[in-house]
Structure formats: C-alpha cells, structure tokens
Amino acid sequence: MMPSCKKASELMSQGQDRALGTLEGLQLKLHLLICQRCRRVTRHLGFLREAIRRYRDGN
Ligand SMILES: [Zn+2]
82 MMPSCKKASE LMSQGQDRAL GTLEGLQLKL HLLICQRCRR VTRHLGFLRE
132 AIRRYRDGN
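Residue numbers (this note's numbering): 82 to 140.
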C-alpha cells in the first residue's frame, strides 16, 4: 500500500520524535523511492539518514 504525501510527511515528523516501526519505515522508504518531492524535503531536513540510523539501531 502506497502512503500518500500527507501520510509520508506525518511519518517524517513522527520519525523526528521517535523511531518508526518496521511497517512505518518501509512505507516511508517506499514513498520516498517514487516521490521526488518528498525526497527533497527529507534531504533538506537531513531526516532520512537519521531515520535509517535509528531504524537500524532500534532493531
Ligand atoms: Zn510524496
């Protein structure tokens, strides 16, 4: 299931406060693969690298 940009941005903001769950992380990564606009946002925030680090550390 492909999350919308709205859902993706929710996940991004949640990911700044806590580690995302497995499904959430996958949904966000999947969305970022196809959505250049959101990818630019995450790059600007420096979010993705941090999220992936937390995602790995949390598992
Ligand atoms: Zn998007």
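Backbone N, C-alpha and C define an ideal beta-carbon position, used for all residues, glycine too.
Assuming residue i and residue j are in contact, meaning their beta carbons sit under 8 Å apart, how far apart are those beta carbons, in whole angstroms?
i, j, result
"L34", "L109", "The chain is shown from 82 up to 140; residue 34 falls before or after that span and cannot be answered."
"A100", "C119", "Not confirmed; about 19 Å, so no contact."
"L113", "T123", "6 Å"
Starting from residue i, follow the alpha helix (DSSP H) in both directions and report where the run begins and ends.
i, result
"R124", "Q117 to L126"
"A28", "The chain is shown only over 82 to 140; residue 28 falls outside these bounds and no answer can be derived."
"S85", "Here S85 belongs to no alpha helix (DSSP H), and DSSP marks it neither H nor E."
Taking 7 Å as the cut-off, is the C-beta of residue i nearer than that to any heavy atom in ligand 1?
i, result
"H112", "yes"
"R118", "yes"
"A89", "yes"
Exposed or buried, residue i, counting other C-beta atoms within 10 Å across all chains shown (16 or more means buried)?
i, result
"T103", "exposed"
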